[in-house]
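Asks:
Residue numbers (our numbering): 284 to 528.
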């Protein structure tokens, strides 16, 4: 008995294209399996273990894998459960996601911070996204007290000495300003606890409100607080690429 599933069927089930279009992709040399270009239509693969790329971008073919974007509301803990019964993100997915017990949350946010958290049961992807060596950038919108001076971005990019070492941002921009407060966009690839709040407080601009809007190329968009959405195929592929999978 022949093992595995025909490659064109796997691509079709993964939502890449119809089976007929997938066959053309294979014949055109656009599909790689485990690092080798495949052009033979009879090729069979094991969806649970094969690494498949289309046009160089890895696709998720394991149907048991779940990839979600959550907009964590303010006042909620970034944990799947809490012994003290406090509101946590596990409460939001408990009745909405099958098999949610195995979900990892990618990137913590403190209780007072709203914004994007990724949820997945793809353990290798989750591990790499959380590991500082892969330097996946994260973007925040922060409302700060006062009017931000022109040179603050340069200072933050150069680095600020915090109690646990030097920290710096990748990008900084003032988005809006009204009397008494400013809205700024901060991008950095650090994951230290409350790093954005501590950085801005250290340079004299305490954060009043904070929202994480992006992790890598995945964006919160117009998601409402408390809402979940499945990641699109290209978003999953970009996350794989960002961490070398």
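We put the CB at the ideal spot given by N, CA and C, even for glycine.
1. Per the DSSP calculation, residue 337 is bridged to which residue(s)?
2. Just list the alpha helix (DSSP H) runs in the segment 394-459, keeping only unbroken ones of 4 residues or longer that don't cross its boundaries, in chain order.
3. Between the alpha carbons of residue 437 and residue 481, how many angstroms are there, rounded?
4. Under the DSSP definition of a beta bridge, which residues are partnered with residue 466?
5. Quick one: using the 10 Å Cβ neighbour count with 16 as the cut-off for buried, is residue 286 buried or exposed?
6. Hey, could you find the ends of the alpha helix (DSSP H) residue 374 is sitting in?
7. Where does the unbroken alpha helix (DSSP H) through residue 526 begin, and where does it stop?
8. Kindly indicate which three-state DSSP category residue 297 falls into: helix, strand or coil?
9. In terms of residues, what are the limits of the alpha helix (DSSP H) holding residue 389?
10. Can you tell me where the alpha helix (DSSP H) holding residue 392 begins and where it ends?
Replies: By the coordinates alone:
1. When DSSP reads this structure, residue 337 sits in a beta bridge with 314, 340.
2. The qualifying runs are 406-413, 435-441.
3. Going by the C-alpha atoms only, they are around 17 Å apart.
4. Residue 466 pairs with 426, 459.
5. So residue 286 counts as exposed.
6. Residue range 372-376 is occupied by the alpha helix (DSSP H) that includes residue 374.
7. In the DSSP assignment, residue 526 falls outside any alpha helix (DSSP H) and carries neither an H nor an E.
8. Coil.
9. Counting along the chain, residue 389 falls outside any alpha helix (DSSP H), though it belongs to the beta strand (DSSP E) covering 387-389.
10. For residue 392, no alpha helix (DSSP H) run applies, since DSSP gives it neither H nor E.
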